[in-house]
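Heads up, the thing below is written out as structure tokens.
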Amino acid sequence: MSMLRCIGYNIGSYFYNSVSSKRLIKLQPFTQKNVVHILGNCYYPETNENLNHLTFNDANIKIHDLIVATYRQKYSYLGNTYLSSDAGWGCAIRATQMMIVNALVIFKDQMQQIVDYNSFEHQQNKSQAKELIYDRISSLLSIHNIYIQQVIKTHNPKGTNFLPPSVCCIAISSLLQEWDKKPFNCITCLNHIPSCSCPTLYLIPRIITFTEHQLILDSLALSQSRGFVGGIGESAIFVFGCQGTTLFFLDPHYVQNAGDFGYFNPPTYQIDISLISSSVVFAFMCYEENECEQLRTIFGMGKVPIVAREFTSTKEIDGVEVLDF
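Numbering (UniProt numbering), first residue to last: 1 to 325.
Here's what the structure looks like:
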């Protein structure tokens, strides 16, 4: 990628926030008719009947606590380029980062039985998760390390191509799976869902047709759900929950300066499920085999890889050619 083109992207990032024309709907107060699903939990209206359940107030606290990743600028150059910003092209990477690190925080909180988001232990879990996506080569899941993965380079010949969510998930799951300190396995499932002998985060790419929108809602209602990376047109977002047919999401399309700090909580948005793009990648945390089997049933996938049968020879039976595989 030429130096002049890189410089053009870097300079353009300074004006991105002022010229961005997206008109998103900020998250509205929950209705009293339906339960709210957020990253594996159900939240109910504050009524006497729901005293023993998580409430809408708990849901708002959870939303405010989510880790957010946005476009960045002023970081060290990416790979063999002069790019110091991902504004305008790196949204799928940022949305995938959000999905992974929020799943990581939930996992650690559950292992330590943490329920207080103000506790030191929870804040420490969040801080350690954020460190994985800081914009520097030493951070495992940084854009610097994702950018140089072979699957990314293959789909990014110009250096600033739009990257499908599935490609970003393959890259980030490979990095996480190779980490010697990984707290759980992370597997991208293209044609099967393997068994889990230990906690495993399954990433499942899927093309969703208009008639399959119920699949999205069903998936978000599962206790295994850790949201999904989807899109509005070619703008990638991280969907973390829903109420009825309304999806809740975090949007990475805002430029901030790079640095170890400053991951802030911008307004959370909502969108009707009918407006979501067809290409999505679901995330599910499974601890037991029966949870994997539930996913196989929902997605119509098996436990073992699907191997395409290969043609080997032909023969004739009663004058009719028969193919052998």
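Beta carbons are placed, not taken as given, at the ideal position from N, Cα and C, and that holds for glycine.
Discussion item. What does the alpha-carbon distance come out to for the pair N191 and T297?
Written reply: In the sequence shown, the residue the question calls residue 191 occupies position 191. In the sequence shown, the residue the question calls residue 297 occupies position 297. Going by the C-alpha atoms only, they are around 13 Å apart.
Worksheet item: To which residues does DSSP link F238 through a beta bridge?
Response: As a working mapping, residue 238 is identified with position 238 in the sequence shown. According to DSSP, F238 bridges with V229 and L250.
Discussion item. Applying the 10 Å Cβ sphere with the 16-neighbour rule, what's the burial state of P157?
Written reply: Along the sequence shown, read from residue 1 onward, the residue named residue 157 stands at position 157. The residue is exposed, with fewer than 16 neighbouring Cβ atoms inside 10 Å.
Discussion item. To test your reading of the DSSP string, which unbroken alpha helix (DSSP H) runs of 4 or more residues are found completely within the stretch 38-74?
Written reply: 56-65
Fill in: Strand pairing of H192, partner residues [DSSP]
Indexing the sequence shown from 1 puts residue 192 at position 192. In the DSSP output, where bridge partners are listed per residue, H192 has G302.
Fill in: Endpoints, the beta strand (DSSP E) within which C286 is located
Position 286 of the sequence shown, counting from 1, holds the residue named residue 286. S279 to C286 is the span of the beta strand (DSSP E), which, as asked, contains C286.
Worksheet item: Leaving out the 5 sequence neighbours to the left and right, which residues in its chain are closer than 7 Å to E195 when beta-carbon positions are compared?
Response: If you number the sequence shown from 1, residue 195 lands on position 195. One detail in the question is off: residue 195 reads as Ser in this sequence, not Glu. Answer for S195: E289, C292 and K303, listed in chain order.
Discussion item. Within 10 Å of its beta-carbon, does N257 have 16 or more other beta-carbons around it, so buried, or fewer, so exposed?
Written reply: Residue mapping note: residue 257 aligns to position 257 of the sequence shown, counting from 1. Result: exposed.
Fill in: Rounded C-alpha distance that separates C186 from R23
Numbered from its first residue, the sequence shown carries residue 186 at position 186. Numbered from its first residue, the sequence shown carries residue 23 at position 23. Distance between the alpha carbons of C186 and R23: 34 Å.
Item to complete: Please report the residue range of the beta strand (DSSP E) in which Y117 lies.
Response: Counting from one through the sequence shown, the residue named residue 117 turns up at place 117. No beta strand (DSSP E) holds Y117; DSSP gives it neither H nor E.
Worksheet item: Which residues share a DSSP beta bridge with C186?
Response: Numbered from its first residue, the sequence shown carries residue 186 at position 186. In the DSSP output, where bridge partners are listed per residue, C186 has L201.
Worksheet item: Are the Cβ atoms of F240 and G231 separated by less than 8 Å?
Response: Residue 240 sits at position 240 when you count from the first residue of the sequence shown. Residue 231 sits at position 231 when you count from the first residue of the sequence shown. Not a contact, by the Cβ cut-off of 8 Å.
Worksheet item: What did DSSP end up calling L323 once you bin it into helix, strand or coil?
Response: The residue labelled residue 323 in the question sits at position 323 within the sequence shown. At L323, the pLDDT of 44 sits below 50, so the modelled position is not reliable; the number obtained from the coordinates is stated separately. In this structure, L323 counts as strand in the three-state DSSP scheme.
Discussion item. For L275, tell me which candidate among L247, G12 and K33 has the shortest Cα-Cα distance.
Written reply: Along the sequence shown, one-based indexing puts residue 275 at 275. When only C-alpha atoms are compared, the closest one is L247.
Worksheet entry | Distance, M301 Cα to E321 Cα | For this step, residue 321 is matched to residue 321 along the sequence shown. For this step, residue 301 is matched to residue 301 along the sequence shown. For E321, the predicted model reports a pLDDT of 43, less than 50, meaning its position is unreliable; a value from the coordinates is still stated below. Cα to Cα, the separation comes out at about 33 Å.
Worksheet item: If you count every other CB in all the chains shown that lies within 10 Å of the CB of F107, and 16 or more means buried, which is it?
Response: Stepping through the sequence shown from its first residue, residue 107 is reached at position 107. Per the 10 Å Cβ criterion, buried.
Worksheet item: Under 8 Å between the Cβ atoms of T43 and L54?
Response: Against the sequence shown, residue 43 aligns to sequence position 43. Against the sequence shown, residue 54 aligns to sequence position 54. For clarity, residue 43 is Tyr in the given sequence; the question names Thr instead. Result yes, Cβ atoms of Y43 and L54 sit closer than 8 Å.
Worksheet item: If you count every other CB in all the chains shown that lies within 10 Å of the CB of I25, and 16 or more means buried, which is it?
Response: Start at 1 with the first residue of the sequence shown, and residue 25 comes out as number 25. It is exposed - the Cβ of I25 has fewer than 16 other Cβ atoms within 10 Å.
Item to complete: Label T47 either buried or exposed according to how many other C-beta atoms from any shown protein chain fall within 10 Å of its C-beta, with 16 as the threshold for buried.
Response: Numbered from its first residue, the sequence shown carries residue 47 at position 47. The residue is exposed, with fewer than 16 neighbouring Cβ atoms inside 10 Å.
Worksheet item: Quick one: what does DSSP say Y77 is sitting in, helix, strand or coil?
Response: As a first step, residue 77 is located in the sequence shown; it is residue number 77 there, counting from the start. Residue state, collapsed to three classes: coil.
Worksheet item: Near L141, what residues of its chain come up, given a Cβ to Cβ distance below 8 Å and the 5 sequence neighbours on each side ignored?
Response: Locating residue 141 in the sequence shown gives position 141, counting from the first residue. Closer than 8 Å at the Cβ level, and outside the excluded window around L141, lie Q97, I100, V101, L132, I133, I172, L175 and L176.
Item to complete: Kindly identify the DSSP beta-bridge partner or partners of Y269.
Response: Taking the first residue of the sequence shown as 1, we reach residue 269 at position 269. Partner(s): K26 and F249.
Worksheet item: Short check: CB of F56 to CB of V36, under 8 Å?
Response: For this step, residue 56 is matched to residue 56 along the sequence shown. For this step, residue 36 is matched to residue 36 along the sequence shown. Their beta carbons are under 8 Å apart, which means F56 touches V36 by this criterion.
Discussion item. Can you find the residues in the same chain that come closer than 8 Å, C-beta to C-beta, to T209, ignoring five residues on each side of it along the sequence?
Written reply: Sequence index remark: in the sequence shown, residue 209 carries index 209 (1-based). Result list for T209: S278, in chain order.
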